[in-house]
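Inspection log for the structure reproduced underneath, given as structure tokens.
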Amino acid sequence: MPDKRRIDLSVPSAARMFDWLLGGHYNYEADRAACERLLSFAPTSREVARNNRWFRERAVRVLAREHGIRQFIDFGSGLPTQKNVHHIAQAVDPQSRVVYVDSDPVVLAHGRSILDENDRTAIISADIADTGYIFGCEEFKRLIDLNEPVAALLISVQHCIPKEVEPGQLVRRVVERLKPGSFVAICHLVSDSAQLRHEVTELMLEQTQGHWGRVREKHEVESYFHGLTVKPPGLVDVTDWRPDSELQQRQRSIEWTEFGGLAEVPPRP
Numbered sequence: 004m005p006d007k008r009r010i011d012l013s014v015p016s017a018a019r020m021f022d023w024l025l026g027g028h029y030n031y032e033a034d035r036a037a038c039e040r041l042l043s044f045a046p047t048s049r050e051v052a053r054n055n056r057w058f059r060e061r062a063v064r065v066l067a068r069e070h071g072i073r074q075f076i077d078f079g080s081g082l083p084t085q086k087n088v089h090h091i092a093q094a095v096d097p098q099s100r101v102v103y104v105d106s107d108p109v110v111l112a113h114g115r116s117i118l119d120e121n122d123r124t125a126i127i128s129a130d131i132a133d134t135g136y137i138f139g140c141e142e143f144k145r146l147i148d149l150n151e152p153v154a155a156l157l158i159s160v161q162h163c164i165p166k167e168v169e170p171g172q173l174v175r176r177v178v179e180r181l182k183p184g185s186f187v188a189i190c191h192l193v194s195d196s197a198q199l200r201h202e203v204t205e206l207m208l209e210q211t212q213g214h215w216g217r218v219r220e221k222h223e224v225e226s227y228f229h230g231l232t233v234k235p236p237g238l239v240d241v242t243d244w245r246p247d248s249e250l251q252q253r254q255r256s257i258e259w260t261e262f263g264g265l266a267e268v269p270p271r272p
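Counting in our numbering, the sequence shown runs from 4 upward without gaps.
In structure tokens, the structure reads:
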């Protein structure tokens, strides 16, 4: 069902905090204050945000150019920025279609104002775990043909899912609806430090009033790809996932990182 959450600008949201870390303008005092607290635990969080955004850009470009994907579902799309999914995909083929899914009221308001002029995009108001509603709603069916390959993007979003939803189950629910030859791109916040995983998780749960999951370990994220065919270079710190140039200076995060990759849905047994 659509998310009916009201806008309470005194409560930070992960989407608006991410926007601030990227240098965006769709954030408020509470979001900025929460980010300052986050930076006290993890000073390279801005680098994490940038690396996540660059991974999304590269993954969409690879999917469109090399694999011929023309349909994209962006789960937990966040606030609109330059070089969003439809910008990249439609630069390869203007006929590409993109469905964005988010539940943050500010994301929905800004997204709709930007996407209204592009009839090959839509933004759906829904909790990303409500796959039955998402795949069944009219806006989704208008743009996405599940008889053709689709790319599902679960990029830097599963750590935001409250603990009642297991991220691996969400991936499986999405994948079971996709035609073989479709793709799934996933990255997730991870840390080798148990202390940092605990501190950041507790901070975000407190700040967002429970609209958060947890920071995980790499082996947990690896399990989300079970049954999928992981494409080169495998599951890595996304900074190292097919960088545009080996000579490009990479801004690495230290305390935590985004870990993941790209995988293809194989033929059914």
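In this text, a Cβ means the ideal position worked out from N, Cα and C, and glycines have one as well.
When DSSP states are grouped into helix, strand and coil, G184 belongs to the coil group. It is roughly 21 Å from the alpha-carbon of D243 to the alpha-carbon of H229. Around the beta carbon of A197, fewer than 16 other beta carbons lie within 10 angstroms, which makes this residue exposed. The beta carbon of S226 sits closer than 8 Å to those of G171, all from its chain and outside the five residues before and after it, given in chain order. Excluding five sequence positions before and after D247, the CB atoms of its chain that fall closer than 8 Å to its own CB belong to R61, given in chain order. Between the alpha carbons of R40 and E142 lies a distance of about 38 Å.
Sequence-distant partners of R145 (beyond 5 residues in either direction) whose C-beta falls short of 8 Å from its own C-beta, in its chain, are A125.
Taking the C-beta atoms as reference points, I158 is found nearer than 8 Å to A188. Per DSSP, reduced to three states, the secondary structure at C163 is helical. The region 175-182 and the region 215-226 do not touch, with fewer than three beta-carbon pairs separated by less than 8 Å. Among the bridge pairs identified by DSSP, D77 is matched with Y103, L156.
Beta-bridge annotation (DSSP): I189 is paired with L157, G264. DSSP lists G263 as the bridge partner or partners of V239. In the DSSP annotation of this structure, S226 is not part of any beta strand (DSSP E); the continuous alpha helix (DSSP H) holding it starts and ends at 221-226.
A straight-line Cα-Cα distance of about 27 Å links V51 and V268. With contacts defined as CB atoms closer than 8 Å, I76 and A155 qualify as a contacting pair. Here S48 carries a helix assignment [DSSP, helix/strand/coil]. Burial of N54 is indicated by the presence of at least 16 other C-beta atoms within 10 angstroms of its C-beta. With a cutoff of 8 Å on beta-carbon distance, H201 and R219 are scored as not near each other. With 16 or more other Cβ atoms from the protein chains shown falling within 10 Å of its own Cβ, L111 counts as buried. Here V160 is near F78, since their CB atoms are less than 8 Å apart.
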